[in-house]
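For the sequence shown, the working numbering begins at 8 and goes up steadily by one.
Down below is the structure, laid out as structure tokens.
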Amino acid sequence: MLSKELVITLPAVLFLYDLYFTPVKGVTLYERLKWQLKMSAPIIPFILMVAIPYVIVRLHFLGRGILSPPKGYFLHFLMETKVIVKYLSLLFSPSGLSVDHLILPAGSILEIGVILPVAVLVFVIAAAFLLCRFRDIEWRLASFFIFWFFIALLPVTLVVLQAPLQENRGYIAGAGFAVFLGTALNRLCQWSKREAALKILFLILVMIFYTVMTIGRNEIWADEFTLWKDAANKYPMSWRAHYSLGKVYYDQQMEDLAFKEFMKAVELKPGYFDALYALGLIHKKRGELEQARLVFEKAIRVEPYWMKTHMNLGEVYEKLGEMELALRKFQIVVKLGERLREEDRMVFRAREHIRWIRGQK
8 MLSKELVITL
18 PAVLFLYDLY
28 FTPVKGVTLY
38 ERLKWQLKMS
48 APIIPFILMV
58 AIPYVIVRLH
68 FLGRGILSPP
78 KGYFLHFLME
88 TKVIVKYLSL
98 LFSPSGLSVD
108 HLILPAGSIL
118 EIGVILPVAV
128 LVFVIAAAFL
138 LCRFRDIEWR
148 LASFFIFWFF
158 IALLPVTLVV
168 LQAPLQENRG
178 YIAGAGFAVF
188 LGTALNRLCQ
198 WSKREAALKI
208 LFLILVMIFY
218 TVMTIGRNEI
228 WADEFTLWKD
238 AANKYPMSWR
248 AHYSLGKVYY
258 DQQMEDLAFK
268 EFMKAVELKP
278 GYFDALYALG
288 LIHKKRGELE
298 QARLVFEKAI
308 RVEPYWMKTH
318 MNLGEVYEKL
328 GEMELALRKF
338 QIVVKLGERL
348 REEDRMVFRA
358 REHIRWIRGQ
368 K
């Protein structure tokens, strides 16, 4: 439960399953819904004792990666239409797969980048309602799995996340696409006199296509460099991709290349703390103390409770001869360490610096 938010969609899936596949004849729509609610009564304890408490715990205690809507929830909803359509497009054509996807925020419902996804979703949902009215079990199954696709994505679309789209979130939802595609191809083959041959042909083509794509993705996932290089190439405006690629370069002692990637990340997102901190480390290592000072100070304004930033800025102040400012930073490190109960080497180093500075007075 605490790792897979999808579990909370179970009541909706069970309700939908009963609605689709439990036969009830000779009743009106109102009577059917009333009966359905009565049949769903056993699900209510799950909602009250599991789903709702889980949402509360997830938001308030394990809410890392969860944000507040920057300009209102309606705009978040509009952005999520773009996310859902992107999932659909990746299922139809997985050539755009990447470890990181850049989804631009929606500014208005009148934007062409919003109108098209909304139109696509309206069409898909309308098709699902139309198919559910068919007596043919195959089309009803296809309709059920279209709604499955949307229900499976609910936990990651209703909540505002730092990364709006991650491919792994669409794996379970992708089962709906697979069933719909299989049903559509099966019905298409039934219109031909060579039904069996066409089914085998489609099966072979699908297997070859996805096998080739899987081999290609495995090569990209071979190491972090190829993974983030691919993401930066596909989404050059993604600050996360440039920062992560820079981190790979930095870990491999390729500081010049890392510096360029960190700078690009900060250009794309000026308040990106991780990239600012990384730039500060490189400036400090190069002996560019004034530049390191400016970058670390900016990083602290973004994230004031990160001990390492205060520690590094304190050491920069100390090298610049600004002992009072250095002393304050080392004291902050000690206080943060006590508050967070982290008696590690950094706190010990900060205390050593404090004793040395006081001994110089």
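Cβ coordinates follow ideal geometry from the N, Cα and C atoms, glycine included.
key: Three-state secondary structure (DSSP) of Leu168   = Looking at Leu168 - three-state DSSP - the assignment turns out to be strand.
query = Buried or exposed: where does Arg365 fall if 16 or more other Cβ atoms within 10 Å of its Cβ makes it buried?
reply = Under a 10 Å Cβ-count criterion, Arg365 is classified as exposed, with fewer than 16 other Cβ atoms of the shown protein chains found around its own Cβ.
request  = Taking only the alpha-carbon atoms, compute the straight-line gap between Tyr256 and Glu262 and give it to the nearest angstrom.
outcome  = Straight-line Cα distance between these residues: approximately 7 Å.
inquiry  = Could you check whether Leu172 and Val121 sit closer than 9 Å to each other, using their CB atoms as the reference points?
reply    = The Cβ-Cβ distance between Val121 and Leu172 does not fall below 9 Å.
inquiry  = Classify Pro52: buried if its beta carbon has 16 or more other beta carbons within 10 angstroms, exposed otherwise.
reply    = Result: exposed.
inquiry  = Between the alpha carbons of Glu359 and Lys236, how many angstroms are there, rounded?
reply    = C-alpha separation (whole angstroms): 41 Å.
ask   = How long is the line joining the alpha carbons of Leu97 and Tyr217, rounded to whole angstroms?
value = Going from the Cα of Leu97 to the Cα of Tyr217 covers about 12 Å.
task = Could you name the residues of the same chain whose beta carbon sits closer than 8 Å to that of Leu23, not counting the 5 residues immediately before and after it, in chain order?
result = Closer than 8 Å at the Cβ level, and outside the excluded window around Leu23, lie Phe151, Phe154, Trp155 and Ile158.
request  = Measure the alpha-carbon distance for Trp246 versus Lys305 and round it to whole angstroms.
outcome  = The alpha-carbon of Trp246 is positioned some 17 Å away from that of Lys305.
request  = Measure how close the beta-carbons of Gly253 and Ala238 come, nearest whole angstrom, since I'm counting them as under 8 Å.
outcome  = A Cβ-Cβ separation of about 12 Å leaves Gly253 out of contact with Ala238 under the 8 Å criterion.
inquiry  = On the DSSP letters alone, give me the boundaries of the alpha helix (DSSP H) that Tyr257 sits inside.
reply    = That run of the alpha helix (DSSP H) goes Trp246 to Asp258.
key: Chain-order list of residues whose beta-carbon lies under 8 Å from that of Leu220 (same chain, five-residue window excluded)   = This sequence places Met at residue 220; Leu is not what is there. Within the same chain, Met220 has close Cβ partners Pro101, Ser102 and Leu104.
task = Would you be able to state if there are at least three C-beta pairs under 8 Å between the region 129-147 and the region 182-194?
result = As far as the Cβ criterion goes, the region 182-194 touches the region 129-147, which means the pair count is three or higher.
message = If you follow the alpha helix (DSSP H) that Pro18 is in, where does it begin and where does it stop?
response = Here the alpha helix (DSSP H) through Pro18 covers Leu17 to Phe28.
ask   = With a CB to CB cut of under 8 Å and the five nearest residues on each side skipped, what residues in its chain are close to Ile211?
value = Excluding its 5 nearest sequence neighbours in each direction, Ile211 has no C-beta neighbour in its own chain below 8 Å.
inquiry  = My output table needs one value for Ile361: the three-state DSSP class, helix, strand or coil.
reply    = Under the three-state reduction of DSSP output, Ile361 falls in the helix class.
key: Cα-Cα separation between Lys267 and Leu205, rounded to whole angstroms   = Pairing Lys267 with Leu205, the inter-Cα distance amounts to about 53 Å.
query = Cβ atoms of Glu310 and Thr316: under 9 Å apart, would you say?
reply = Against a cut-off of 9 Å, the Cβ pair of Glu310 and Thr316 comes out as a contact.
request  = Alpha carbon to alpha carbon, how far is Ala282 from Phe337? Give it in angstroms, no decimals.
outcome  = Looking at the two C-alpha atoms, the distance is approximately 23 Å.
ask   = When burial is assigned at 16 or more other CB atoms within 10 Å of the CB, is Glu87 buried or exposed?
value = Counting of Cβ neighbours within 10 angstroms places Glu87 among the buried residues, the total reaching 16 or more.
task = Apply the 10 Å Cβ neighbour rule to Glu345 and answer buried if 16 or more other Cβ atoms are within range, or exposed otherwise.
result = By the 10 Å Cβ count, Glu345 comes out exposed.
key: Residue range of the alpha helix (DSSP H) that includes Tyr217   = Its alpha helix (DSSP H) spans residues Glu202 to Ile227.
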